[in-house]
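K.L.:
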Amino acid sequence: MSDYRIQGATGEWEVVIGLEVHAQISTQAKLFSGAATAFGAEPNTQVSLVDAAMPGMLPVPNMECIRQAVRTGLAINAQINKWSRFDRKNYFYADLPQGYQISQLYHPIVGEGAIEVQLDDKNPESTKTIGIERIHVEQDAGKLMHDQHPTMSYVDLNRSGVALMEIVSRPDMRSPAEAGAYLSKLRTILRYVGSCDGNMDQGSMRADVNVSVRKPGEPFGTRTETKNVNSVRFVMAVVEQEAKRQVAVLEDGGKIVQETRLYDPDRNETRSMRSKEDAHDYRYFPDPDLLPVELDDAFLEECRASLPELPDAKRHRYESVLGLSAYNAGVLTAEVETSRWFEALLAESAAKQGKPESEVAKQAANWLTSELFGALNKLGKGLAESPVSPEAGGELLALVGKGTISGSAAKQVLEKMLETGDAPGVIVEREGLTQTSDTGAIEAAVDAVLAANADKVEQYKGGKEALFGFFVGQTMKAMQGKGNPGLVNEVLKAKLG
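Residue numbers (full-length UniProt numbering): 1 to 497.
1) Nearest-angstrom Cα distance between residue 115 and residue 175?
2) For residue 319, collect the residues of the same chain with a Cβ closer than 7 Å to its Cβ; drop the 5 residues on either side in sequence, then sort them by chain order.
3) Does the Cβ-Cβ distance between residue 196 and residue 24 come in under 8 Å?
4) Whose C-beta lies closer than 7 Å to the C-beta of residue 334 among residues of the same chain, with five residues either side of it excluded?
5) Using CA coordinates, which residue listed in 53, 82 and 211 is at the minimum distance from residue 258?
6) Within the chosen definition, does the stretch 444-459 reach the stretch 408-422 through at least 3 CB pairs nearer than 8 Å?
7) Counting Cβ pairs closer than 8 Å, one from the stretch 42-52 and one from the stretch 12-22, do we hit at least three?
8) Taking just the CA atoms, how far does residue 238 sit from residue 208?
9) Counting only the same chain and skipping the five closest in sequence on each side, list residues whose C-beta sits under 6 Å from that of residue 171.
10) With a threshold of 16 other CB atoms inside 10 Å of the CB of residue 490, please say whether the residue is buried or exposed.
11) Answer with buried or exposed for residue 228, where buried requires no fewer than 16 other C-beta atoms within 10 angstroms of its C-beta.
12) Going straight from the alpha carbon of residue 142 to that of residue 86, what length do you get?
13) I need the boundaries of the beta strand (DSSP E) containing residue 102, first residue and last residue.
14) Using 8 Å as the Cβ pair cut-off and three pairs as the minimum, do the stretch 345-364 and the stretch 140-156 touch?
15) Give me whichever residues DSSP pairs with residue 264 in a beta bridge.
16) Can the beta-carbon of residue 463 be found less than 8 Å from the beta-carbon of residue 435?
17) Just how far apart, CA to CA, sit residue 389 and residue 364?
18) So the candidates are 292, 265, 256 and 246; which of them puts its Cα closest to the Cα of residue 275?
19) With distance defined between alpha-carbon atoms, name the residue in 481, 280, 398 and 31 nearest to residue 350.
20) Are the Cβ atoms of residue 109 and residue 77 separated by less than 8 Å?
21) Rounded C-beta distance between residue 290 and residue 61? I'm assuming under 8 Å.
22) Tell me, please, which residues DSSP counts as bridged to residue 341.
23) For residue 297, which of 287, 199 and 67 has the nearest alpha-carbon?
24) Here's the rule I'm using: 16 or more other beta-carbon atoms within 10 Å means buried, otherwise exposed. How should residue 149 be labelled?
25) For the pair the stretch 463-475 and the stretch 417-437, tell me if three or more CB-CB distances fall below 8 Å.
26) Kindly indicate the opening and closing residues of the alpha helix (DSSP H) around residue 437.
27) Strictly by DSSP, which residues pair up with residue 222?
28) Can you tell me which of 375, 400, 374 and 222 puts its alpha carbon nearest to the alpha carbon of residue 250?
29) What does the Cβ neighbour count give for residue 268, buried or exposed, with the cut at 16 atoms within 10 Å?
30) Classify residue 378 as buried or exposed, calling it buried when 16 or more other Cβ atoms lie within 10 Å of its own Cβ.
31) Is the beta carbon of residue 368 closer than 8 Å to that of residue 396?
32) Apply the 10 Å Cβ neighbour rule to residue 480 and answer buried if 16 or more other Cβ atoms are within range, or exposed otherwise.
33) Along the chain, where does the alpha helix (DSSP H) containing residue 66 start, and where does it finish?
34) By the 10 Å Cβ neighbour count, where 16 or more other Cβ atoms means buried, how is residue 10 classified, buried or exposed?
35) Measuring CB to CB, does residue 173 end up less than 8 Å from residue 130?
36) Taking only three categories from DSSP, how would you classify residue 349?
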């Protein structure tokens, strides 16, 4: 149970949240036409006669859209409906040439499923299951452009007919953090599956946020729906601001109206858009131009077999097989690109060291999540823009693993790799960073350090064991950081024993 509450004048209020997420299906063509779907094209350059609703044009379903919806349903362990049907949702708007949207109200292609979310990255026990009510496939509408002319709005139909999955959650969330975790996890799953690119800034994934408030234990209150919210942070802000607004209205003696609202991120507030319509306002009926969609077992099995290892399974494998911490496993599986990069790094590092992946996984995970992520963050770059490839990273880790360079030297090498793009072996050779594993040279350096610090040697032998680190530091300093730390420790222990 979430302990998130809105503190009002009359006591505590609980927030109830459901999300309707519109995810653009990753296909080259639209749902019922062959027009392209590329982002950023010139207005009205990706519009077929079907999209423009010219007389006599008939829709033909794009089966890849159906396939991707089914794969998404399987990824969240949802019921797949072998028989589904398209309906017409009738309304009139300038960006909807047909005068109706083709959707699936009564018989969606995907039924009930669930997503498990983790609310605290560092606590694997902080999980909650959020129910999914349905996933249906529908057309997107076009786009009105209000900033192109002083007195008129222009219409861009490039998005008209683009295939969407509408993923409808149960009202199971009770805090902004839960809503944010759910949306992030859903986006991760879609990107792993490959059914949606999840680029919220480009509009290919957006959320309608349903919020109501109630006193704990009471029935659900009247909800509002804030439309087209396009980031996880904004979804969390909508929940918080809309809940506070509703509490203020109710405590002032008012009533919440079921309505559609818009979020203004500049003012961090929601504004009323229109009263909320019910299904009967849209006069839904089966689309007479489209046959029902009937799926057979062979198709479903092909969809299931095509799924990759999903984030929860991958995270579990990283922990149980590779021995990674829950936190590192969570970080490395949060984005599909990160997990692919890590696995390429791991394979390269293991191959170059001649060891199984489980033996070098912790080293690789720690280096990627701390050293490389930290360095890229300073440069303002993401992993996709990294000048260091997984292969180069694997070579660097192998140099450390084999004792060719020290951990501190590896940091210097990484800096040079980011600056120059050179291979780590080339940099080590050029900069003279190879560490000394010659026991004779190390023993000579240790003898000199102990002779110069005879008083501290007596203190150490008298029980002040913390001085051991001092001797290690002095020896490494004398060897200009090139002594093999493991051998330095061994020699010092022998000399001081």
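For every residue, glycine included, the Cβ atom is placed at its ideal position computed from N, Cα and C.
P.N.:
Short version:
1) For the purposes of this step, residue 115 is taken as the residue at position 115 of the sequence shown. For the purposes of this step, residue 175 is taken as the residue at position 175 of the sequence shown. Between residue 115 and residue 175, the C-alpha separation is close to 16 Å.
2) Working through the sequence shown from its first residue, we reach residue 319 at position 319. So the list reads 326 and 329, once near-sequence residues are dropped.
3) Against the sequence shown, residue 196 aligns to sequence position 196. Against the sequence shown, residue 24 aligns to sequence position 24. It is a contact, given that the beta carbons lie within the stated cut-off.
4) For the purposes of this step, residue 334 is taken as the residue at position 334 of the sequence shown. Closer than 7 Å at the Cβ level, and outside the excluded window around residue 334, lie 188.
5) Counting from one through the sequence shown, the residue named residue 258 turns up at place 258. Residue 258 has its Cα closest to that of 211, out of 53, 82 and 211.
6) Using a Cβ-Cβ distance cut-off of 8 Å, the stretch 444-459 and the stretch 408-422 are not in contact, since fewer than three pairs of beta carbons, one from each stretch, lie closer than that value.
7) With the cut-off at 8 Å, the stretch 42-52 and the stretch 12-22 do not touch.
8) Taking the first residue of the sequence shown as 1, we reach residue 208 at position 208. Taking the first residue of the sequence shown as 1, we reach residue 238 at position 238. Computed Cα separation, rounded: 10 Å.
9) As a first step, residue 171 must be located in the sequence shown, where it is residue number 171. The residues are 16 and 18.
10) By 1-based counting over the sequence shown, the position of residue 490 is 490. Around the beta carbon of residue 490, a 10 Å sphere encloses fewer than 16 other beta carbons of the protein chains shown; the residue is thus reported as exposed.
11) Counted from its first residue, the sequence shown places residue 228 at position 228. By the neighbour-count criterion, in which 16 or more other beta carbons inside 10 Å mark a residue as buried, residue 228 falls on the exposed side.
12) As a working note, residue 142 is residue 142 in the sequence shown. As a working note, residue 86 is residue 86 in the sequence shown. Approximately 20 Å between the Cα atoms of the pair.
13) As a first step, residue 102 is located in the sequence shown; it is residue number 102 there, counting from the start. That run of the beta strand (DSSP E) goes 100-103.
14) Touching, no, given that fewer than three Cβ pairs across the two stretches are closer than 8 Å.
15) Here residue 264 corresponds to residue number 264 of the sequence shown, with the count starting at 1. 269, per the DSSP bridge assignment.
16) Position 463 of the sequence shown, counted from the first residue, corresponds to residue 463. Position 435 of the sequence shown, counted from the first residue, corresponds to residue 435. No. Outside cutoff.
17) The residue you call residue 389 lines up with position 389 of the sequence shown. The residue you call residue 364 lines up with position 364 of the sequence shown. Distance between the alpha carbons of residue 389 and residue 364: 13 Å.
18) In the sequence shown, counting from the first residue as 1, residue 275 sits at position 275. Residue 256 is the option with its Cα nearest to residue 275.
19) Taking the sequence shown and counting its residues from 1, the one referred to as residue 350 is at position 350. Relative to residue 350, the option among 481, 280, 398 and 31 whose CA is nearest is 398.
20) Against the sequence shown, residue 109 aligns to sequence position 109. Against the sequence shown, residue 77 aligns to sequence position 77. Taking 8 Å as the Cβ cut-off, residue 109 and residue 77 do not qualify as a contacting pair.
21) Counting from one through the sequence shown, the residue named residue 290 turns up at place 290. Counting from one through the sequence shown, the residue named residue 61 turns up at place 61. Indeed they touch by this definition, with Cβ atoms about 7 Å apart.
22) Position 341 of the sequence shown, counting from 1, holds the residue named residue 341. Beta-bridge analysis with DSSP links residue 341 to no other residue.
23) In the sequence shown, residue 297 corresponds to position 297, counting from 1. The shortest C-alpha separation from residue 297 is found at 67.
24) Position 149 of the sequence shown, counting from 1, holds the residue named residue 149. It is exposed - the Cβ of residue 149 has fewer than 16 other Cβ atoms within 10 Å.
25) Touching, no, given that fewer than three Cβ pairs across the two stretches are closer than 8 Å.
26) Start at 1 with the first residue of the sequence shown, and residue 437 comes out as number 437. Residue 437: not part of any alpha helix (DSSP H); DSSP gives it neither H nor E.
27) Reading the sequence shown from its first residue, position 222 is the one you call residue 222. Per DSSP, none; premise fails for residue 222.
28) By 1-based counting over the sequence shown, the position of residue 250 is 250. Comparing Cα-Cα distances from residue 250 to each of 375, 400, 374 and 222, the minimum goes to 222.
29) Locating residue 268 in the sequence shown gives position 268, where the first residue counts as 1. Exposed is the call here.
30) Taking the sequence shown and counting its residues from 1, one reaches residue 378 at position 378. Answer is exposed; the Cβ neighbour count stays below 16.
31) As a position in the sequence shown, residue 396 is number 396, starting the count at 1. As a position in the sequence shown, residue 368 is number 368, starting the count at 1. Taking 8 Å as the Cβ cut-off, residue 396 and residue 368 do not qualify as a contacting pair.
32) Along the sequence shown, one-based indexing puts residue 480 at 480. Under this definition residue 480 is an exposed residue.
33) Position 66 of the sequence shown, counted from the first residue, corresponds to residue 66. In the DSSP assignment, residue 66 falls within the unbroken alpha helix (DSSP H) covering 63-75.
34) Your numbering for residue 10 matches position 10 in the sequence shown. Within 10 angstroms of the beta-carbon of residue 10 lie fewer than 16 other beta-carbons, which makes it exposed.
35) The residue labelled residue 173 in the question sits at position 173 within the sequence shown. The residue labelled residue 130 in the question sits at position 130 within the sequence shown. Result yes, Cβ atoms of residue 173 and residue 130 sit closer than 8 Å.
36) In the sequence shown, residue 349 corresponds to position 349, counting from 1. In the three-state scheme derived from DSSP, where H, G and I count as helix and E and B as strand, residue 349 is classed as helix.
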